[in-house]
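Report on the structure given below.
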Amino acid sequence: MILASARILVVKIGSSLLVDEATGAIRREWLDALADDVAACRARDQQMVLVSSGAVATGRRHLGLTGPRLKLEEKQAAAATGQIRLAHAYQEALARHGITVAQILLTPGDTEERRRHLNARATIRQLLELGAGPIINENDTVATSEIRFADNDRLAARVAQMIGADTLLLLSDIDGLYTANPRLDRSATLVRHVPEITPAIEAMAGAALPGYSSGGMVTKLQAARIATSAGCRMAISLGQPLHPLARLDDPATPCTWFKASGEPRTARKRWISSHLKPAGTITIDPGAARALQAGGSLLPAGVTAVEGAFDRGDAVTITAEGRVVGHGLAAYSSGDAKQIAGRNSRDIETLLGYRGRDELVHRDDLVLH
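Using the numbering used here, the first residue of the sequence shown is number 502, and each one after it goes up by one.
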């Protein structure tokens, strides 16, 4: 596998790659080389999201926090000042290629609570459509030990799952999954392809050694489970060399690829079909039913009735002529859906007082029967 085949790519960048641990300075040469790679990927019509660590590491020394371990409040303060410096560094590096940078800070609730999940997903997708480069990090300034990802491996996997990415790349301090810890066992060999995460694969992972990335291989396998189950393949690759993305265009580059279980859209629709309990029913006319069968989204104009009480992002049943034709995620609450039912999408702003989506249920959030 090579990176050039990706359509939507999420890249996780570890703190040790981006920030010099001794000085807290950002590694500008490495970041500039990464920016060159990002521009090259975008030039071949690949959409890209960067999930970047480094806020605490670059911010702590500017606040005089040089101790070996920081208290939670100190980490949050370091993140608050470091995130500004980090975003500015990305802005400068990518501006050379005319790429606008957008910063997004997430907490676990933003990826797990449905309405916040949909809002975050819509924002990221809109930024990609506008040609901006989203830079995502955990919101360390407000996260606590009880409500946080704890590492950006899993955050990156959740982002990939959220936006329907087909490829997730974890740039690491090691070039992939080994049969044992290669820093302790010289006989360990690199596993190039993982078709399935089995107990034997999990047994190969171990805790991170002092001085290396906080997540360790255990969290990378957890990220792989999240990503691959969402239809997203994942790679672990060595990040220290310059141009770490360009290296993966060479099939001979050492790394580990985890095979996805289906396509992102297929996995998402399987999730909608199998794991959601509908909160309401939307009845549509025969013309709208034919449009859905032809691959279209459900527009308000084709809706004849709305039943039940549901919020934006809830699952609904879609019926036509007395039979169930599908299930999907509503882009509007039941109250708003009733107001726009049977009306043209261009009337939504006048009817509701705000400009929402043109679709009541987007085709990406729709499963037909």
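The beta-carbon is built from N, C-alpha and C at its ideal position, and this holds for glycine as well. From a predicted model like this one, the values you see are computed outputs, not experimental measurements.
Original post:
Would you call the CB atoms of Cys756 and Ser738 closer than 7 Å?
Top reply: The answer is yes: Cβ separation under 7 Å.
**OP:** Measure the C-alpha to C-alpha separation of Leu631 and Asp676 and round it to an integer number of angstroms.
**Re:** Going by the C-alpha atoms only, they are around 33 Å apart.
**OP:** Enumerate in chain order the residues of its own chain whose CB-to-CB distance from Val512 is below 6 Å, with the five nearest sequence positions on each side excluded.
**Re:** The residues are Leu551, Leu670.
Original post:
By DSSP, does His563 sit in helix, in strand, or in coil?
Top reply: If DSSP states are grouped into helix, strand and coil, His563 belongs with the helices.
**OP:** Apply the 10 Å Cβ neighbour rule to Leu799 and answer buried if 16 or more other Cβ atoms are within range, or exposed otherwise.
**Re:** Using a 10 angstroms sphere on the CB of Leu799, the tally of other CB atoms reaches 16 or more, which defines it as buried.
Subject >> Same chain, Cβ closer than 8 Å to Val695, neighbours up to 5 away in sequence not counted >> reply: Taken in chain order, the residues that qualify are Leu678, Ile702, Ala725, Thr757, Trp758, Phe759, Lys760.
Original post:
Whose CA, out of Thr782, Leu867, Met735, Glu850, lies closest to the CA of Ala792?
Top reply: Checked all of Thr782, Leu867, Met735, Glu850; the closest Cα to Ala792 is Leu867.
Subject >> Limits of the unbroken alpha helix (DSSP H) element including Lys513 >> reply: Taken as a continuous stretch (DSSP letters only), Lys513 belongs to no alpha helix (DSSP H), being part of the beta strand (DSSP E) at 509-514.
**OP:** Classify Pro696 as helix, strand or coil using the three-state DSSP reduction.
**Re:** Here Pro696 sits in coil by DSSP.
**OP:** Starting from Val807, trace the beta strand (DSSP E) both ways and give me its first and last residue.
**Re:** Under the DSSP assignment, Val807 falls in the beta strand (DSSP E) whose first and last residues are 804-809.
Subject >> Supposed contact pair Leu595 and Leu539 - C-beta distance, whole angstroms, cut 8 Å >> reply: Correcting the residue identity first, residue 539 is Val in this sequence and not Leu. So it is a contact: roughly 7 Å between Cβ atoms.
**OP:** For Ile527, count neighbouring C-beta atoms within 10 Å of its own C-beta (all shown protein chains included) and say buried if the count is 16 or more, exposed if not.
**Re:** By the beta-carbon neighbour count (other beta carbons within 10 angstroms, threshold 16), Ile527 is buried.
Subject >> Option nearest Ala806 by Cα separation, candidates Ala838, Ala816, Val825, Val826 >> reply: With distances taken between Cα atoms, Ala806 lies closest to Ala838.
Subject >> Rounded C-alpha distance that separates Lys576 from Val557 >> reply: Between Lys576 and Val557, the C-alpha separation is close to 6 Å.
**OP:** Would you kindly work out how many angstroms separate the C-alpha atoms of Arg856 and Ser846, rounded to a whole number?
**Re:** Each residue's alpha carbon lies about 10 Å from the other.
**OP:** State the DSSP-derived secondary structure class of His828, mapped to helix, strand or coil.
**Re:** Of the three classes helix, strand and coil, the one that applies to His828 here is strand, per DSSP.
Original post:
Which partner residues of Cys542 appear in the DSSP bridge assignment?
Top reply: DSSP output for Cys542 lists no bridge partner at all.
Subject >> Cβ pair Ile783, Ile819 closer than 7 Å >> reply: The answer is yes: Cβ separation under 7 Å.
**OP:** Could you name the residues of the same chain whose beta carbon sits closer than 6 Å to that of Gly634, not counting the 5 residues immediately before and after it, in chain order?
**Re:** Excluding its 5 nearest sequence neighbours in each direction, Gly634 has C-beta neighbours in its own chain below 6 Å: Leu595, Ile600, Val602, listed in chain order.
Original post:
At what residues does the beta strand (DSSP E) containing Thr757 begin and finish?
Top reply: Thr757: member of the beta strand (DSSP E) spanning 756-759, first to last residue.
Original post:
What is the DSSP secondary structure of Ser715, counted as helix, strand or coil?
Top reply: Summary for Ser715: the model assigns pLDDT 42, below 50, so the residue's position carries little reliability, and this model does not support an answer.
**OP:** Could you tell me the distance, in whole angstroms, from the CA atom of Arg864 to the CA atom of Lys721?
**Re:** So the two alpha carbons sit approximately 32 Å from each other.
Subject >> Local conformation of Leu743 per DSSP, three classes >> reply: Three-state DSSP puts Leu743 in coil, outside helix and strand.
Subject >> C-alpha gap between Ala661 and Val804, whole angstroms >> reply: Near 32 Å, if we compare the C-alpha coordinates of Val804 and Ala661.
**OP:** Could you check how far apart the C-beta atoms of Arg813 and Ala832 are, in whole angstroms? I think they sit under 8 Å.
**Re:** The Cβ separation is near 6 Å, so the contact holds.
**OP:** Using DSSP bridges, identify the partner residues of Ile527.
**Re:** Ile527 is bridged to Val520.
Original post:
So, helix, strand or coil for Ser738, using DSSP?
Top reply: Three-state result, Ser738: strand.
Subject >> Option in Ala753, Ser834, Gly797 with minimal Cα separation from Gly788 >> reply: The shortest CA-to-CA distance from Gly788 to any of Ala753, Ser834, Gly797 is the one to Gly797.
**OP:** Per DSSP, which residues does Tyr679 bridge with? Please list them.
**Re:** As a beta-bridge residue in DSSP terms, Tyr679 pairs with Leu691.
Original post:
For Ala625 versus Ile664, is the C-beta spacing smaller than 7 Å?
Top reply: A quick correction: the sequence has Ile, not Ala, at residue 625. Yes. Within cutoff.
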